[in-house]
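Heads up, the thing below is written out as structure tokens.
Number of protein chains: 2
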Amino acid sequence: MSAYVALEQRLKRLSDLGGAAAVLNWDQAAVMPKGGNTARGEQLAALGGIAHEILTATQTAELIEQARAEPLDAWQAANLRLIEERYTRATALPQDLVEARARATNTCEMAWRQARADSDYPSLRPHLEEVLRLTREAAMLEGEKLGLEPYAALLDQFQPGLDEPTIDRLFQPLQDQLPALIENRLATQPTAEKPKGPFPKAKQKALAQELMAEIGFDFDHGRLDESTHPFCGGTPTDIRITTRYDENETVSALMGVLHETGHALYEAGLPETWRGQPVGTSHGMAIHESQSLIIEMQACRSPAFLRYLSGRLAETFGDQPAFAAENLIDLYTHVEKGLIRVDADELTYPLHIVLRYRLEKALVKGDLDLHDLPAAWDDGMQELLGIQPETDREGCLQDIHWPVGAFGYFPNYTLGGLLAAQLFQAAERQLPDLLARIETGDFTPLREWLRANIHEKASSLPMQSLIEEATGAELGTEAFLAHVAGRYGPR
Amino acid sequence: MSAYVALEQRLKRLSDLGGAAAVLNWDQAAVMPKGGNTARGEQLAALGGIAHEILTATQTAELIEQARAEPLDAWQAANLRLIEERYTRATALPQDLVEARARATNTCEMAWRQARADSDYPSLRPHLEEVLRLTREAAMLEGEKLGLEPYAALLDQFQPGLDEPTIDRLFQPLQDQLPALIENRLATQPTAEKPKGPFPKAKQKALAQELMAEIGFDFDHGRLDESTHPFCGGTPTDIRITTRYDENETVSALMGVLHETGHALYEAGLPETWRGQPVGTSHGMAIHESQSLIIEMQACRSPAFLRYLSGRLAETFGDQPAFAAENLIDLYTHVEKGLIRVDADELTYPLHIVLRYRLEKALVKGDLDLHDLPAAWDDGMQELLGIQPETDREGCLQDIHWPVGAFGYFPNYTLGGLLAAQLFQAAERQLPDLLARIETGDFTPLREWLRANIHEKASSLPMQSLIEEATGAELGTEAFLAHVAGRYGPR
């Protein structure tokens with residue numbers, strides 16, 4: 033057996049362990065009785081510990097070294113590079129730093145839950161200080177091994193190939209142009225009527241499942257369940273989407289399910305031949321988010337789909353004026369300056385991300401002290417959106433990302449939005465009847481285009497090549513700005 | 033760190049892997065979409081393979097060797113013995129035999145599903161031949177290392193401490209005395225009326241959950257779900273019981289849930305201090321079955337509980353004559369000579385087991401050829417129960433155990449039944465109001481007695497000592513025969 037093949041077997045085992053952990057995580061969120069929490073934590077820690085041992089074993093390094101001298105095709109070579117990068121990251125940090133960081137993020141997450149409930153930033157600050165300190169230390173060590181600046185090392189772990197200059201280039205036009213678009217929309221947007229409930233949970237679920245299936249979700253290879261925080265988990269042949277239902281509201285929950293369905297299509301569309309290998313997994317968080325947002329924002333909030341949805345809602349819940357297509361279009365494109373990122377609309381959302389990007393970059397580089405975070409947050413909100421939180425709960429305490437050490441994650445949300453627009457524009461160029469088909473509830477052309485251009489390529493190409501091959505251009509803001517100008521601009 | 037403590041850590045990791053596998057197994061049976069089957073098989077194989085590697089590593093042997101010289105208390109010493117036994121079993125077999133057996137049982141199980149459907153024993157025979165051959169080979173190798181005859185090595189793996197002389201001594205009085213009891217019951221038993229459905233699934237489930245909670249199942253540490261084959265799985269702090277519902281029938285499904293609840297109480301009652309260690313796990317299949325049967329057969333089919341259940345059924349489904357206590361008592365103690373073990377009543381069940389014990393012993397010892405199995409089965413049924421199957425589907429093809437290589441398992445069902453009766457008799461001696469409390473739906477005294485006398489002792493004692501400490505006598509048939517004479521004998 034060649035060293036490369038032995039390495040593939042080793043990675044397959046890591047993938048199986050990861051798949052087991054994914055099911056255990058779904059179980060914990062969706063069905064586990066609360067008393068199972070301690071044992072579940074121990075099971076997941078054992079799986080993580082074993083995976084780390086397998087990855088960092090000296091045999092892994094020896095096999096990588098030997099495989100480099102073997103003849104490999106392009107995918108194998110890409111796979112080997114990805115394996116090597118995983119190995120490099122996993123061995124870059126001393127064990128005591130890994131453990132200290134795990135403890136610190138655990139403690140900080142608990143402190144954050146309490147601090148957010150109490151809107152008490154000072155109680156969080158020392159814990160966040162420790163997480164930030166350990167994150168910087170880890171980013172420095174990993175960055176040294178990978179030839180990256182610390183913040184770049186953080187960005188790269190969530191989206192390989194992503195760097196600060198790219199983000200700066202892309203975010204500048206957004207912060208320049210979105211504020212005027214927002215003001216214009218606020219001044220001119222029609223009032224939309226909210227649908228009146230109750231919307232029985234069973235009917236909401238049935239409709240969600242039907243729409244998921246129409247978009248292309250295969251219920252022989254996945255499920256829809258409930259959890260407090262909706263997510264898409266599981267493994268490519270057994271995808272677990274969760275949502276939560278509010279019997280007084282069905283509009284936003286439904287879009288949430290369709291968003292997760294976009295993530296699911298990506299996972300399901302990854303190449304079968306490369307299952308279990310790094311090159312066969314999804315590319316990174318920006319690409320992943322582009323797949324959920326192309327389904328949610330480009331396809332499902334389009335007038336075409338909302339005209340289709342109008343009939344489906346009326347069939348499911350009985351007709352009412354708020355289900356009229358024109359009203360749904362107004363409702364699903366309603367813009368509002370708000371303080372909370374997760375409630376933000378498509379137009380204001382990027383500015384929430386710009387703020388977080390500025391702040392986390394400054395924190396990681398040591399240009400901003402955590403004592404000054406609340407004030408910097410409030411100033412940034414004022415500058416970007418013209419509003420200010422009255423409490424830190426609605427300000428710098430709202431997100432879990434930093435307390436759990438996920439610095440470098442936020443930009444992916446907006447990069448995903450930009451890419452979704454650029455991909456949809458490219459798909460429309462190649463498939464002129466794309467929206468006409470979506471208006472009949474037929475997602476086949478879009479799904480097949482995404483499968484061929486994104487899903488099946490998995491991690492075989494660098495991010496920029498993947499995007500250029502799919503859209504003919506490097507990632508830019510033009511498609512997104514054209515999209516929002518069309519959807520929210522003067523009619 | 034002492035070698036013993038290092039060994040405990042190693043076993044804790046194995047336990048965490050086992051716990052992860054238990055949740056994955058539950059998921060597969062209860063909620064997994066069918067398309068997840070291949071990936072799930074790979075995940076479980078990876079967990080099993082890793083556990084085997086950890087257990088059989090030379091470091092395990094070294095730590096066992098060193099720990100033997102360290103000062104240990106009684107539980108630690110028992111734990112060390114159990115660890116050593118696991119190590120011995122795991123290293124007794126060459127890897128190619130382990131793999132050949134896994135392949136053979138897999139193939140044979142599939143062949144059995146088809147053969148049973150077609151009632152076609154000849155199509156199964158060659159596969160069963162291979163499984164039997166590999167089982168005998170493995171039993172011989174393990175037996176050599178453990179100082180046991182091959183069939184004893186098989187018995188011991190399911191119930192440590194169980195041997196052939198014990199079973200012979202216990203089964204003889206059953207085959208001598210049960211036939212007359214059966215004939216008498218058949219001649220004298222009252223006719224019982226079957227409750228008329230439909231029994232809506234949601235109501236069946238609600239009642240089952242209420243009764244489970246009353247018996248002592250803690251829904252903060254467990255769930256009730258559905259699967260084709262009901263079971264009790266999960267881990268001690270997160271117990272997963274499954275059942276299946278038939279809207280035309282509620283009586284037998286309900287007893288099934290109460291049976292699994294008995295298994296669950298055992299797992300939940302294991303000592304917290306020893307969680308994750310062999311000495312802290314359940315003792316073996318005979319002891320485990322005694323815990324389900326003491327709840328189902330001794331407590332829940334007693335006239336006392338059925339009087340209580342009568343009211344609960346009427347409350348849940350609306351009253352009807354069949355829910356009268358006297359009718360329920362007749363219904364739940366109805367005796368019938370049948371061909372199918374899993375449908376058998378308390379009185380005829382042991383004879384089904386006696387037959388299987390005789391046959392599997394002869395098969396493992398080479399005294400019976402698989403060509404002659406169907407005829408031997410039919411002759412045995414004739415001798416023991418006076419009936420004969422018309423097809424092998426109702427005969428030697430009915431059970432999955434042998435096709436999957438579980439020779440040596442069957443006796444535990446009946447030994448569990450004997451022990452349940454003996455434990456209940458002992459509990460009643462010590463707690464004179466035991467049945468009076470059960471008649472009010474109060475299982476606290478029984479549960480606490482079982483916890484103190486069985487659950488909390490886990491695997492710290494040899495089987496016979498555990499039974500003697502709990503009941504004051506070695507395992508016998510007297511309590512069981514007295515119990516069935518009382519329940520089914522002339523009134």
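Protein chains in written order, with the working numbering: chain A, 33 to 523; chain B, 33 to 523.
The beta carbon of each residue, even a glycine, is placed where N, CA and C say it ideally should be.
Asked                                                                                                                                                                                    : Found
Whose CA, out of A/PRO406, A/MET142, A/ARG388, A/MET329, lies closest to the CA of A/THR293?                                                                                             : A/MET329
Enumerate in chain order the residues of its own chain whose CB-to-CB distance from A/ALA445 is below 8 Å, with the five nearest sequence positions on each side excluded.               : Here residue 445 of chain A is Tyr; the residue named in the question, Ala, does not match the sequence. So the qualifying residues of the chain are GLU321, TYR381, ILE385.
Should A/THR223 be labelled buried (16 or more other beta-carbon atoms within 10 Å of its own) or exposed?                                                                               : exposed
Measuring straight from C-alpha to C-alpha, what distance separates A/ALA170 and B/HIS253?                                                                                               : 38 Å
Is the beta carbon of A/ALA61 closer than 7 Å to that of A/SER314?                                                                                                                       : no
Give a yes or no on whether 7 Å exceeds the smallest Cβ distance from A/GLU258 to chain B.                                                                                               : no
Should B/SER342 go down as buried or exposed, given a rule of 16 or more other Cβ atoms within 10 Å for buried?                                                                          : buried
On the DSSP bridge list, what partners appear for A/ILE271?                                                                                                                              : A/GLY254, A/GLY266
Write down the C-beta distance between A/GLY67 and B/ASP59 rounded to the nearest angstrom, noting that I regard them as a contact closer than 8 Å.                                      : The Cβ separation is near 18 Å, so there is no contact.
Can you say whether B/LYS397 is buried or exposed, counting buried as having 16 or more other CB atoms within 10 angstroms of its CB?                                                    : exposed
Nearest by alpha-carbon distance to B/GLU506: which of B/VAL516, B/ALA514, B/PRO494 is it?                                                                                               : B/PRO494
Considering only the beta carbon of each residue, do A/PRO230 and A/GLU281 sit closer than 7 Å?                                                                                          : no
Using beta carbons (cut-off 7 Å, strictly below), is B/PRO205 in contact with chain A?                                                                                                   : no
Restricting to Cα atoms, I'd like to know which of A/TRP434, A/GLU471, A/LEU416 is closest to A/ALA212.                                                                                  : A/LEU416
Take B/ILE23 as the anchor and find which of B/ARG148, B/LEU129, B/ARG118 has the nearest alpha-carbon.                                                                                  : Residue 23 of chain B is absent from the structure shown; chain B starts at 33 and stops at 523.
Do A/VAL311 and A/SER492 come within 7 Å of each other at the CB atom, strictly closer than that value?                                                                                  : yes
With distances taken Cα to Cα, identify the nearest neighbour of A/PRO477 among A/GLU131, A/GLN189, A/GLU246.                                                                            : A/GLU246
Among all the DSSP beta bridges, which residues are the ones paired with B/ASP278?                                                                                                       : B/GLU281
When the distance is taken between beta carbons, is A/CYS264 closer than 7 Å to A/ALA296?                                                                                                : yes
Looking at A/ALA132: is its Cβ nearer than 7 Å to the Cβ of A/LEU166?                                                                                                                    : yes
Nearest to B/LEU513 by alpha carbon, out of B/THR70, B/LEU87, B/PRO205, B/LEU180?                                                                                                        : B/PRO205
Go through its chain and collect everything with a Cβ distance to A/ARG483's Cβ below 7 Å, but skip five positions before and after it.                                                  : GLY301
Assess, as a yes-or-no matter, whether the segment 34-45 of chain B is touched by the segment 78-94 of chain B under the definition of 3 or more beta carbon pairs within less than 8 Å. : yes
Which residue's Cα is closest to the Cα of B/GLU97: B/ALA38, B/ASN138, B/ALA77?                                                                                                          : B/ALA38
Report the neighbours of A/GLN75 on chain B: residues whose CB is nearer than 7 Å to its CB, in chain order.                                                                             : ASP48, GLY51, ALA52
Taking 7 Å as the threshold (beta carbon to beta carbon), is A/LYS228 in contact with chain B?                                                                                           : no
Residues in the segment 259-279 of chain A with C-beta within 7 Å of chain B's C-beta atoms, listed in sequence order?                                                                   : THR267, THR269, ASP270
Cα-Cα, which of A/LEU194, A/LEU345, A/ASP188, A/ILE271 is closest to A/PRO232?                                                                                                           : A/LEU345
Going straight from the alpha carbon of A/ASP377 to that of A/TYR520, what length do you get?                                                                                            : 11 Å
I'd like the list of long-range same chain contacts for B/TYR340, defined as Cβ closer than 6 Å, with 5 residues on each side in sequence excluded.                                      : GLU471, GLY473
Within its chain, find whatever has a CB closer than 7 Å to the CB of A/PRO406; leave out the 5 residues flanking it on each side and keep chain order.                                  : TYR153, ASP424, GLY427, CYS428
In its own chain, which residues sit with a C-beta less than 8 Å from the C-beta of A/PRO522, not counting the 5 before and 5 after it?                                                  : ASN216, THR220
Secondary structure at A/GLY518, three-state DSSP: helix, strand or coil?                                                                                                                : helix
Locate the alpha helix (DSSP H) running through A/CYS140, then write down its first and last residues.                                                                                   : 127-150
For the segment 84-97 of chain A, which residues have a CB atom closer than 9 Å to at least one CB atom of chain B, in sequence order?                                                   : ILE86
What three-state label does DSSP hand B/LYS369 in the structure shown?                                                                                                                   : coil
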